[in-house]
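**Student:**
There are 4 protein chains.
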Amino acid sequence: MNVWLAHRVSYGETDAMGVMYYAEYLHLFERGRSEWIRTRGHSYAAIEAQGIYLPVREAQCRYRAPARYDELIWLETWLDAQSRASLTFAYRLMDETKTRLLAQGSTQHAVVDSRGKPVAIPQWLREFLSPSCQ
Amino acid sequence: MNVWLAHRVSYGETDAMGVMYYAEYLHLFERGRSEWIRTRGHSYAAIEAQGIYLPVREAQCRYRAPARYDELIWLETWLDAQSRASLTFAYRLMDETKTRLLAQGSTQHAVVDSRGKPVAIPQWLREFLSPSCQ
Amino acid sequence: MNVWLAHRVSYGETDAMGVMYYAEYLHLFERGRSEWIRTRGHSYAAIEAQGIYLPVREAQCRYRAPARYDELIWLETWLDAQSRASLTFAYRLMDETKTRLLAQGSTQHAVVDSRGKPVAIPQWLREFLSPSCQ
Amino acid sequence: MNVWLAHRVSYGETDAMGVMYYAEYLHLFERGRSEWIRTRGHSYAAIEAQGIYLPVREAQCRYRAPARYDELIWLETWLDAQSRASLTFAYRLMDETKTRLLAQGSTQHAVVDSRGKPVAIPQWLREFLSPSCQ
């Protein structure tokens with residue numbers, strides 16, 4: 000299941016080159032995976048309330064074309080992989096017409112308890128993440 | 000004319016207290032006034048393309064109640080005052096039900112040319128800002 | 000007691016106007032008051048560890064002259080006022096030579112416990128804040 | 000040549016998990032490469048003044064251990080690779096004692112002119128980057 004999120008580039012997200020600053024893409028990716036979770040009827044806040052946290056272990060982004068102030072852009076997010084104790088989300092950022100690729104990236108997440116200790120993905124989370132629950 | 004903008008509090012906007020960090024409200028105010036301008040059929044980008052810039056001269060915010068991660072909040076923006084060479088926008092941030100006030104603030108803007116020199120508000124901008132064009 | 004903090008303007012702090020974005024000043028003010036507390040031999044982290052929090056109730060900034068990418072700037076911070084259950088810090092941002100005023104502002108803080116309930120400033124904190132402990 | 004930069008984690012850089020938010024590492028990496036350039040007697044601002052820009056084409060970070068509010072951390076930056084029209088910086092983030100690895104990452108930069116067109120690295124920039132000029 001791929002989830003699209005619209006985003007308007009704000010002035011505060013731009014830098015002196017007049018384009019969206021490279022760290023802002025990671026903020027946007029976070030919005031994308033929150034939206035992915037929300038679209039499946041959950042919320043990351045509710046997952047944390049169950050004592051499960053998904054800290055980022057690795058993040059990566061390739062910047063293809065700049066996103067300018069006031070542009071409406073589209074972020075596509077999907078769950079790309081899961082192992083026993085980690086999840087990987089992938090992202091594509093497109094222009095307003097969804098025809099031009101602006102950036103692509105991924106984030107790998109550990110699954111940990113409230114003390115930061117890695118835990119196996121609980122069954123309720125695994126079911127929620129599974130394609131059949133789409 | 001008051002313009003409402005919905006905003007979902009992201010993880011990146013929160014701080015170690017678990018609530019939206021106080022500087023993020025100014026980012027949100029910027030989104031509010033951009034939306035106010037857009038609702039009137041213009042864009043701040045287009046105003047800049049005419050050689051007119053509206054840098055912030057003063058910003059102020061009163062924080063009434065915290066905004067938490069994943070909350071949907073509403074920002075109300077309006078043009079509060081204008082003088083010969085300045086504009087003041089005012090903002091109210093409300094919770095999801097628009098019944099509880101979370102914050103209120105204002106930003107005063109100079110009107111300057113591309114070299115930062117103050118200029119009188121041009122007629123086309125004054126007309127666009129006037130209530131009669133709502 | 001006034002405390003000075005040097006700061007180099009990063010690219011990520013600038014916006015499309017090529018100057019430090021207006022919300023970044025509040026980040027800088029926070030660094031200033033942390034440094035003020037640290038200079039007195041404490042840390043805000045240690046204050047929180049005692050169950051006392053100082054959330055911002057009001058923030059205000061006047062922007063006098065822009066701060067550009069890569070500029071070295073100086074922030075002066077002092078405790079401007081204290082009442083039974085609130086503190087006010089004031090700030091002046093100066094250029095590299097400390098001769099030109101770039102911005103000035105203030106933040107008013109409530110004194111609350113871990114549940115956000117206002118409390119009177121504890122004696123140990125009042126002593127730490129008092130001029131005689133400088 | 001490796002350059003070390005000290006950094007104090009601010010409240011505004013933390014998130015609701017109480018640790019430095021993952022996008023903030025890219026801000027820090029930018030400070031690291033600016034410092035690397037400054038240590039060699041140049042500044043990125045001066046490079047841009049020559050009409051040469053170094054936009055990020057790819058960024059990557061592995062998060063090993065969290066950085067908490069008020070921690071003093073150390074960033075090590077070095078030029079890891081250069082080709083005809085690109086540069087790669089690498090980064091290691093260490094704790095206060097420089098004994099524990101918190102994160103490691105890299106950024107690959109294109110070399111472009113003011114219109115964003117890729118250009119070969121000019122001779123003056125190549126000399127400045129070369130180890131012999133250390």
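Protein chains in written order, with numbering that gives the first Met the number 0: chain A, 0 to 133; chain B, 0 to 133; chain C, 0 to 133; chain D, 0 to 133. Idealized CB from N, CA, C, for every residue including glycine.
Which partner residues does D/E95 have in the DSSP bridge list?
**Tutor:** Its beta-bridge partners do not exist; DSSP assigns none.
**Student:** Using a Cβ-Cβ distance under 8 Å, would C/A58 count as near chain D?
**Tutor:** Cβ-Cβ to chain D under 8 Å: no for C/A58.
**Student:** List the endpoints of the continuous alpha helix (DSSP H) containing A/A109.
**Tutor:** Looking at the DSSP string, A/A109 is not in any alpha helix (DSSP H); the run it does join, the beta strand (DSSP E), is L100 to A109.
**Student:** Using three-state DSSP, classify C/A85 as helix, strand or coil.
**Tutor:** The residue asked about is misnamed: residue 85 of chain C is Ser in this sequence, not Ala. Three-state result, C/S85: strand.
**Student:** Using only the alpha-carbon positions, how far apart do C/F28 and A/I51 sit?
**Tutor:** Distance between the alpha carbons of C/F28 and A/I51: 34 Å.
**Student:** So is B/G11 in contact with chain D if we call contact Cβ pairs under 8 Å?
**Tutor:** Cβ-Cβ to chain D under 8 Å: yes for B/G11.
**Student:** On the three-state DSSP scale, how would you describe B/R32?
**Tutor:** If DSSP states are grouped into helix, strand and coil, B/R32 belongs with the helices.
**Student:** First and last residue of the alpha helix (DSSP H) that includes A/F126?
**Tutor:** Note on residue identity: the sequence assigns Glu, not Phe, to residue 126 of chain A. First-last of the alpha helix (DSSP H) with A/E126: Q122 to L128.
**Student:** Going by DSSP, what residues sit across from A/E57 in a beta bridge?
**Tutor:** According to DSSP, which records beta bridges pairwise, A/E57 is partnered with A/Q107 and D/R61.
**Student:** Cβ closer than 8 Å: which chain A residues qualify as neighbours of B/R30?
**Tutor:** Neighbours of B/R30 on chain A, chain order: R7 and S9.
**Student:** Within the chosen definition, does the stretch 5-18 of chain B reach the stretch 92-108 of chain A through at least 3 CB pairs nearer than 8 Å?
**Tutor:** In short, these stretches do not touch, since the Cβ pair count stays below three.
**Student:** Tell me whether C/R37 sits in a helix, a strand or coil according to DSSP, three-state version.
**Tutor:** Of the three classes helix, strand and coil, the one that applies to C/R37 here is helix, per DSSP.
**Student:** With 8 Å as the threshold, decide whether the Cβ of D/A89 is near any Cβ in chain B.
**Tutor:** Not an interface residue.
**Student:** For chain C, is any of its Cβ atoms less than 8 Å away from the one on D/H149?
**Tutor:** One cannot answer for residue 149 of chain D here, as it falls past the ends of chain D, which runs 0 to 133.
**Student:** Suppose you measure from the CA of C/L101 to the CA of C/Q107; what does that come to, to the nearest Å?
**Tutor:** Approximately 21 Å, taken between the alpha carbons.
**Student:** Are there 16 or more other CB atoms within 10 angstroms of the CB of C/A119, so buried, or fewer, so exposed?
**Tutor:** Exposed is the call here.
**Student:** A/Q133 by DSSP, collapsed to three states: which one?
**Tutor:** Low local confidence applies: a pLDDT of 44 at A/Q133 is under 50, so the model's placement there is unreliable, and no value is given.
**Student:** So, D/A44 versus C/Y68, is the Cβ gap smaller than 8 Å?
**Tutor:** Against a cut-off of 8 Å, the Cβ pair of C/Y68 and D/A44 comes out as a contact.
**Student:** Less than 8 Å between the beta carbons of D/A64 and D/R91, yes or no?
**Tutor:** It is not a contact, given that the beta carbons lie outside the stated cut-off.
**Student:** Should B/A58 go down as buried or exposed, given a rule of 16 or more other Cβ atoms within 10 Å for buried?
**Tutor:** Buried, because 16 or more other Cβ atoms sit within 10 Å of the Cβ of B/A58.
**Student:** Pull up the distance between the alpha-carbon of A/V110 and that of A/A84, whole angstroms please.
**Tutor:** Their Cα atoms are separated by approximately 5 Å.
**Student:** Only counting the same chain, and skipping five residues up and downstream in sequence, which positions put a Cβ closer than 7 Å to that of B/A89?
**Tutor:** Taken in chain order, the residues that qualify are W77, D79 and S105.
**Student:** In terms of alpha-carbon separation, which member of B/I36, B/E23 and B/M16 lies closest to B/L124?
**Tutor:** The candidate whose alpha carbon is nearest that of B/L124 is B/I36.
**Student:** Measure from the C-beta of C/A15 to each C-beta in chain G and report whether the shortest distance is under 8 Å.
**Tutor:** The chain labelled as chain G is not found among the protein chains of the depicted structure, namely A, B, C and D.
**Student:** Which same chain residues end up closer than 7 Å to B/H23 when comparing Cβ atoms and leaving out the 5 residues on each side of it in sequence?
**Tutor:** According to the sequence displayed, residue 23 of chain B carries Glu and not His. Excluding sequence neighbours, B/E23 sits near E12.
**Student:** Could you give the distance in angstroms between the alpha-carbon of A/V55 and the alpha-carbon of A/Y62?
**Tutor:** Computed Cα separation, rounded: 20 Å.
**Student:** What's the gap between the Cα of B/Q122 and the Cα of A/G17?
**Tutor:** Going from the Cα of B/Q122 to the Cα of A/G17 covers about 27 Å.
**Student:** Using C-beta distances below 7 Å, list every residue in its chain close to D/L71, excluding the 5 sequence neighbours before and after it, in chain order.
**Tutor:** For D/L71, where only same-chain residues beyond five positions count, the Cβ hits under 7 Å are A5, R7 and E95.
**Student:** Just to confirm, is the Cβ distance from C/F127 to C/R39 under 8 Å?
**Tutor:** Closer than 8 Å, so yes.
**Student:** Where does A/A80 fall in DSSP's three states?
**Tutor:** A/A80: strand per DSSP, three-state reduction.
**Student:** Exposed or buried, what is D/A48 when buried is set at 16 or more other beta-carbons lying within 10 Å of its beta-carbon?
**Tutor:** Exposed, by the Cβ-count rule.
**Student:** If you compare alpha carbons, which of A/C60, A/S129 and A/L53 is closest to A/R114?
**Tutor:** Comparing Cα-Cα distances from A/R114 to each of A/C60, A/S129 and A/L53, the minimum goes to A/L53.
**Student:** Is the Cβ of D/Y43 closer than 8 Å to any Cβ of chain A?
**Tutor:** Chain A contact via Cβ: absent.
**Student:** Measure from the alpha carbon of A/S82 to the alpha carbon of each residue in A/E75, A/Q103 and A/S129, then state which is nearest.
**Tutor:** When only C-alpha atoms are compared, the closest one is A/S129.
**Student:** What does D/A22 touch in chain B if you count any residue whose Cβ is under 8 Å from its own?
**Tutor:** Simply G11.
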